[in-house]
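Quick note on the working numbering: the sequence shown kicks off at 2 and runs consecutively.
Data block below; observations after.
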Amino acid sequence: MKDVLEAMYQGKKFSRAEAQALLLSMVQESVPDVQVAALLSALRTRGVSSNELAGFRLALQELAIPIRVDLPVIDMCGTGGDGKNTFNISTLAAFVVAACGVPVAKHGNYGVSSICGSSNVIEALGVEFTTDERLLNLMLSEARICILHAPLFHPAMKRFAPIRKALGVKTVFNLLGPLVNPCKPGMQYSGVYQHEYLRLYAEVMEAESISYSLVHSLDGFDEISLTGPFKHVSNFKEEQLAPKDFDLPCYEIQQLAGGDSIEDSKQIFLSILEGKRSAAQNDVVCINAAFALAVATKKPIQETLADAREALDSGAALHTLNQLIKVSKESR
């Protein structure tokens with residue numbers, strides 16, 4: 002490991018295979034924590050290349066508990082880490098997408114920079130997490146969505162938890178969440194918290210032949226916030242868009258505020274699904290769902306936006322949540 006650190010300090014960038022081997026070696030308890038921390042800090046300082054990110058992804062997939070799903074699925078896991086403490090936009094959008102008939106394998110975790118992450122709110126709503134392949138496929142069959150709670154599928158990450166906590170800053174692991182879904186979906190909709198990560202993610206996903214749509218709002222959100230312009234990168238194009246391009250208004254950041262607790266966040270989540278939502282909440286959920294639906298259906302955004310609105314307005318997205326809760330409990 003000392004040789005690796007020295008090479009990094011000299012500016013070396015690692016190949017995909019080298020990065021994969023490096024992360025696998027870091028998992029070993031024989032590597033001192035201080036050296037792991039030094040390597041993570043060095044990567045943060047100089048930045049990670051797409052080959053390195055792809056190699057780390059392969060290593061974590063190798064260490065993960067694998068899951069085989071029976072349906073073609075899309076993941077809607079963003080990086081998080083934007084520090085905006087919004088309501089659970091992408092998680093709500095995932096239920097809208099599932100209600101439109103597109104199967105979703107939602108990879109997620111507890112909140113780090115936010116009060117209530119995806120797993121926090123889903124757990125509070127009554128969904129029970131599992132690694133049972135049969136049950137996860139039943140969720141997909143009955144509700145068109147299953148929840149893959151990251152800590153259950155990535156036990157190797159426990160090795161790094163105290164090191165990451167001690168460092169107290171974002172590391173390469175913050176970038177890996179959307180890339181290491183254990184069922185290896187062929188479709189991905191993700192938001193990233195920094196603009197430069199759009200191209201990095203795109204290069205990794207292109208190499209894996211994933212159909213993808215990546216977004217970053219220019220005021221720092223890791224999703225389409227409708228608070229201003231945003232960047233969008235897909236297999237086919239890279240573009241800068243704005244709310245007016247979809248005949249939508251530009252909203253204020255405070256209109257997207259999340260709760261002050263997990264319970265508050267749960268109530269906001271339910272209110273939106275039950276129809277007690279503001280125009281801002283409605284539009285932000287639907288536009289994110291629309292971009293994900295476009296990946297799966299190849300339809301124009303204006304059509305998928307209409308589909309998303311119908312799924313939310315009709316109560317289909319709420320029914321999807323209730324079905325998921327029912328299956329997760331009844332099959333125990």
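Heads up, the beta-carbon is just placed ideally off N, CA and C, and yes, glycines get one too.
Please read these numbers as outputs of a predicted model, since none were measured by experiment.
Exercise. Quick one: Cα of Ser266 to Cα of Leu93, how far?
Worked result: About 12 Å.
Exercise. Can Asp314 and Tyr194 be called in contact, C-beta distance under 7 Å?
Worked result: Remark: C-beta atoms of Asp314 and Tyr194 do not approach each other more closely than 7 Å.
Problem set entry | Closest Cα partner of Ala144 within the set Val98, Val28, Leu177 and Pro156 | Ranking the options by Cα distance to Ala144, first place goes to Val98.
Exercise. In angstroms, rounded to a whole number, what distance separates the CA positions of His320 and Ala55?
Worked result: Counting only the Cα atoms, Ala55 lies some 37 Å from His320.
For this session: Give me the Cα-Cα distance between Thr80 and Glu331, rounded to the nearest whole angstrom.
Result: Straight-line Cα distance between these residues: approximately 32 Å.
Problem set entry | Where Ile334 falls, given that 16 or more other Cβ within 10 Å makes a residue buried | The requested residue 334 is not part of the displayed model; the chain covers only 2 to 333.
Problem set entry | At least 3 beta-carbon pairs within less than 8 Å: the stretch 206 to 214 vs the stretch 233 to 250 | These segments touch.
Exercise. Rounded to whole angstroms, how far is the Cβ of Leu40 from the Cβ of Leu168, which I believe are closer than 8 Å?
Worked result: Not a contact, Cβ separation roughly 11 Å.
Exercise. When the Cα atoms are used, what is the spatial distance from Met206 to Ile116?
Worked result: Cα to Cα, the separation comes out at about 30 Å.
Exercise. Taking the beta strand (DSSP E) that Cys287 falls in, what are its first and last residues?
Worked result: For Cys287, no beta strand (DSSP E) segment is defined; the enclosing uninterrupted segment is the alpha helix (DSSP H) at Ala280 to Thr298.
For this session: Given a cut-off of 7 Å, decide if Leu322 and Phe161 are closer than it, judged by their beta-carbon atoms.
Result: Cβ atoms of Phe161 and Leu322: not closer than 7 Å.
Problem set entry | Member of Ala290, Gly229 and Ala157 whose CA lies at the smallest distance from the CA of Tyr190 | Per the C-alpha coordinates, the member of Ala290, Gly229 and Ala157 positioned closest to Tyr190 is Ala290.
Problem set entry | Short Cβ contact (7 Å threshold) for Ile146 with Val105 | Yes. Within cutoff.
Problem set entry | Same chain only: Cβ atoms within 6 Å of Ser51, ignoring 5 sequence neighbours per side | Taken in chain order, the residues that qualify are Leu201, Glu204 and Val205.
Exercise. Which term fits Ile66, buried or exposed, when burial requires 16 or more other beta carbons within 10 angstroms of its beta carbon?
Worked result: By the 10 Å Cβ count, Ile66 comes out exposed.
Exercise. Beta carbon of Asp83: closer than 6 Å to some heavy atom of the ligand MN?
Worked result: This structure lacks the ligand MN, and indeed carries no ligand of any kind.
For this session: Please name the residue in Phe231, Val103, Glu239 and Glu253 whose C-alpha comes closest to that of Asp246.
Result: Among Phe231, Val103, Glu239 and Glu253, the Cα nearest to that of Asp246 is on Phe231.
Exercise. Taking the runs of the beta strand (DSSP E) that are 3 residues or longer, which of them lie wholly in the stretch 80 to 147?
Worked result: 105 to 109, all fully within the stretch 80 to 147.
Exercise. What are the start and end residues of the alpha helix (DSSP H) that includes Tyr202?
Worked result: Segment Tyr198 to Ala208, the alpha helix (DSSP H) holding Tyr202.
Exercise. Going by DSSP, which residues form a beta bridge with His155?
Worked result: DSSP lists no bridge partner for His155.
For this session: Note down the Cα distance separating Ala125 from Asn89, rounded to an integer number of angstroms.
Result: Going from the Cα of Ala125 to the Cα of Asn89 covers about 13 Å.
Exercise. From the DSSP output, which residues share a beta bridge with Met188?
Worked result: Here Met188 is bridged, per DSSP, to Ile75 and Ser212.
For this session: Check the C-beta distance from Ala60 over to Leu6 and give it rounded, since I have them as a contact under 8 Å.
Result: About 18 Å separates the beta carbon of Ala60 from that of Leu6, a gap too long to meet the 8 Å contact definition.
For this session: To the nearest angstrom, report how far apart Ala1 and Thr46 are at their CA atoms.
Result: No information on residue 1 is available, as it lies outside the stretch 2 to 333 that the chain covers here.
Exercise. DSSP on Phe222, reduced to helix/strand/coil?
Worked result: Correct three-state label for Phe222: coil.
Exercise. Between Val181 and Arg310, is the Cβ-Cβ spacing less than 7 Å?
Worked result: The answer is no: Cβ separation not under 7 Å.
Exercise. Who are the Cβ neighbours of Glu134 in its own chain at under 7 Å, not counting the five residues just before and after it?
Worked result: Sequence-distant partners of Glu134 (beyond 5 residues in either direction) whose C-beta falls short of 7 Å from its own C-beta, in its chain, are Ile68 and Arg69.
Exercise. Where do the N-terminal and C-terminal ends of the beta strand (DSSP E) with Ser235 fall, by residue?
Worked result: Per DSSP, Ser235 belongs to the beta strand (DSSP E) from Phe231 to Ser235.
For this session: Would you decide whether Val170 is buried or exposed? Buried here means 16 or more other CB atoms lie within 10 Å of its CB.
Result: Under this definition Val170 is an exposed residue.
For this session: Say whether the stretch 300 to 310 touches the stretch 250 to 258, bearing in mind that this needs 3 or more beta-carbon pairs closer than 8 Å, one atom from each stretch.
Result: As far as the Cβ criterion goes, the stretch 300 to 310 does not touch the stretch 250 to 258, which means the pair count is below three.
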